[in-house]
Amino acid sequence: MCGFFMLIKENLIGKEVVNVEAMVIGKVVDVEFNLDSFEIEGLIIKKLGIFSDIISKDEIIIPFGIIKKIGDKIILKN
Numbered sequence: 005m006c007g008f009f010m011l012i013k014e015n016l017i018g019k020e021v022v023n024v025e026a027m028v029i030g031k032v033v034d035v036e037f038n039l040d041s042f043e044i045e046g047l048i049i050k051k052l053g054i055f056s057d058i059i060s061k062d063e064i065i066i067p068f069g070i071i072k073k074i075g076d077k078i079i080l081k082n
């Protein structure tokens, strides 16, 4: 994988993902890239908090298009 993708991946893995109500949904464990278009397609997160009990699967994919802001935490749109 290209160094550019590794740099992006390293900066995103471990960040908490929160919804607009500031509820923690999970933490980023991996990043999905489209190697043809050089775009991030989604974030794979491990669910935390109340969301970990709602769905039996441990990890979910968050499409990159629903991300509002990336900073210390990743904030999702409505």
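Residue numbers (our numbering): 5 to 82. All residues carry an ideal CB built from backbone N, CA and C; glycine is no exception.
In this structure, residue 32 lies near residue 49, with their beta-carbon atoms less than 8 angstroms apart. The bridge partners DSSP lists for residue 38 are 43.
With respect to the 8 angstroms criterion, residue 28 and residue 80 are not classified as neighbours on the basis of their beta carbons. Apart from sequence neighbours up to five positions away, the residues of its chain that approach residue 19 with a beta-carbon distance below 8 angstroms are 31, 32, 74, 76, 77 and 78, ordered along the chain. Our two residues, residue 70 and residue 51, have alpha carbons roughly 17 angstroms apart in a direct line.
Per DSSP, reduced to three states, the secondary structure at residue 16 is helical.
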